[in-house]
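Before any comments, here is the structure.
Residue numbers (my numbering): 412 to 966.
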């Protein structure tokens, strides 16, 4: 720790000199100076990864959070300075910048929306910490509510009172939680306005290479398939009603009546994941096997107090990737998380191995999320196919359908809701609880089988932690689901898929998403993409209906 701190301080003290050098360097030495800056950013990223691990192991350590924020600020200040310098490069000279050519083109295209290094410094010291503080305050509110473990009991006499008690607890803190969300939305919108955007959602979409109009088009296309989602929810409700002998079924009870699952030991989960991902090729599977082998020291699955309840990859540009999981418990959900986060890790490892410029190793998150969700689909589908009993198959299929439904339909609900938060609040006073509730009901209404008295209350949006912890990230999952299903169908149809897919992953983000996906013949603006999603979902839903029918006959 002492050595890391000294090294980090040296890097921090180096930043002002780099800013000066970058602003004064002549054209002949620009590429060399850019190399120096990006090497420094790479060094900073190593410290950020180290601090990320410490923060995950002890979420209460504020010193670690402040240190991580300071490193992130140094990195963002340097990146802002690089963008500013590249915007001053004459058009005729851009071609001579080598690997920085695309970065210069992007910087000049975004010129009107770019913060100065000074403004970036202010954001790092004031705006972003305020937004982090709102996320921390939200976490404390949710933690204060307790677990209400009996709310998932199969005993009707215990479950219903526990659900009612939990709902009352959420209602009590709803005004405070709404104030936090309203403040966060206002802060994000003001930050976006300082960059020249009408609101923060427009800014977010543009950084992903999307437009508000394009997002709306996708939302309308998914909403057209909403009857399929309502059919799915109705099936679950009727199934649970028969199993538990209750009517009506509440939306929060749909997981109560499902077949209990057996615990999957990690050694078995490891093999299951690797077998499921065989369509991605031997190299991919070998890399993932090395990551998941505890002997290699790159895997953390242990639980403990103050540890983050999450799964994530730990990536450095010039070191092996690693994988952190708050606590593996042998559930299908745990196996699914390893497949997802392992996908992020191997994507980063392939980019590192290919030695591409480090600024091409980060891009629109919906692409990297799409690759990871694709892994989930493959693993859950494999679990359905290798199930040893009808009950095991039913359980795996329920999870697969739940995952597809969440990624497509729930993501559409969430994207519509979050977008409406930011567009409705732009230039207006803070949103209050009643306004937020109304926006939420308007967003989910077209999709839901459940009555709004059940699904449309404050407690529903309050459970969506990403609204507070990573504002406007949810749209990534909507587009990622389209990427994942497109890859899923391609993997089944193309015998050369593994080679093409690995080549795509190794490229990182060296071009815009449309060009990258076109290398596999995928176009997200093709209307057939949503149709393919619906076809896959309908096929799996029909299988589950048949399993439920057989199950009911046996009873």
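Ideal placement from N, C-alpha and C gives every residue a C-beta, glycine not left out.
| Query | Result |
| --- | --- |
| Return the first residue and the last residue of the beta strand (DSSP E) that residue 723 is part of. | 722-727 |
| Measure the alpha-carbon distance for residue 823 versus residue 877 and round it to whole angstroms. | 14 Å |
| If you draw a straight line from the alpha carbon of residue 582 to that of residue 870, how long is it in whole angstroms? | 7 Å |
| Indicate the three-state DSSP secondary structure (helix, strand or coil) for residue 732 in the structure shown. | strand |
| On a Cα-Cα basis, can you pick out the residue from 522, 698, 446 and 899 that is closest to residue 606? | 522 |
| For residue 458, which option in 443, 520 and 477 has the closest C-alpha, if you only look at C-alpha atoms? | 477 |
| What did DSSP end up calling residue 578 once you bin it into helix, strand or coil? | helix |
| Given residue 594, which residues of its chain have a CB within under 8 Å of its CB, disregarding the five upstream and five downstream residues? | 545 and 841 |
| Have a look at 692, 528, 915 and 941 and flag the residue whose alpha-carbon is nearest the alpha-carbon of residue 929. | 915 |
| Suppose contacts are defined by Cβ-Cβ distances below 9 Å. Is residue 815 in contact with residue 750 by that definition? | no |
| Give me whichever residues DSSP pairs with residue 485 in a beta bridge. | The partner list for residue 485 (beta bridge, DSSP) is empty, contrary to what the question assumes. |
| Can you tell me whether residue 807 is buried or exposed, with buried defined as 16 or more other CB within 10 angstroms of its CB? | buried |
| If you measure between the beta carbons of residue 626 and residue 826, is that distance less than 9 Å? | yes |
| Is the CB-CB distance between residue 573 and residue 564 below 9 Å? | yes |
| Could you pull the start and end residues of the alpha helix (DSSP H) that residue 917 belongs to? | 908-918 |
| Alpha carbon to alpha carbon, what distance is there between residue 764 and residue 913? | 12 Å |
| Could you pull out every residue in the same chain whose Cβ sits closer than 6 Å to the Cβ of residue 959, ignoring the five residues on either side in sequence? | 650 |
| Start and end of the alpha helix (DSSP H) containing residue 714? | Taken as a continuous stretch (DSSP letters only), residue 714 belongs to no alpha helix (DSSP H), as it is neither H nor E. |
| Check this for me: beta carbons of residue 448 and residue 615, under 9 Å apart or not? | no |
| Helix, strand or coil, according to DSSP, for residue 772 in the structure here? | coil |
| Across the region 840-859 and the region 527-542, are there enough close Cβ pairs to call them in contact, namely three or more that are closer than 8 Å? | no |
| On a Cα-Cα basis, can you pick out the residue from 442, 568 and 571 that is closest to residue 356? | Since the first residue of the chain shown is 412 and the last is 966, residue 356 is not available in this structure. |
| Mapping the DSSP letters down to three states, classify residue 606 as helix, strand or coil. | coil |
| So, helix, strand or coil for residue 638, using DSSP? | helix |
| Are at least three pairs of beta-carbons, each pair with one atom in the region 696-705 and one in the region 418-429, less than 8 Å apart? | no |
| As a quick exercise: from 860, 723, 455 and 536, pick the residue whose alpha carbon is nearest that of residue 417. | 455 |
| Alpha carbon to alpha carbon, how far is residue 600 from residue 895? Give it in angstroms, no decimals. | 31 Å |
| What does a CB cutoff of less than 6 Å around residue 711 pick up in its chain, not counting 5 residues either side in sequence? | 735 |
| Would residue 935 and residue 898 be called neighbours here (beta carbons separated by less than 9 Å)? | no |
| Using only the alpha-carbon positions, how far apart do residue 737 and residue 467 sit? | 8 Å |
| Closer than 8 Å is the cut-off here; do at least three beta carbon pairs connect the region 946-956 with the region 637-653? | yes |
| With distance defined between alpha-carbon atoms, name the residue in 892, 908 and 678 nearest to residue 944. | 892 |
| Would you grab the beta carbon distance between residue 675 and residue 746 for me? Rounded to a whole angstrom, and I think it's under 8 Å. | 6 Å |
| Are the CB atoms of residue 844 and residue 589 within a distance shorter than 9 Å? | yes |
| In chain order, what residues of the same chain have a beta carbon less than 7 Å from the beta carbon of residue 432, not counting five sequence neighbours either side? | 444 |
| By how many angstroms is the C-alpha of residue 726 removed from the C-alpha of residue 465? | 14 Å |
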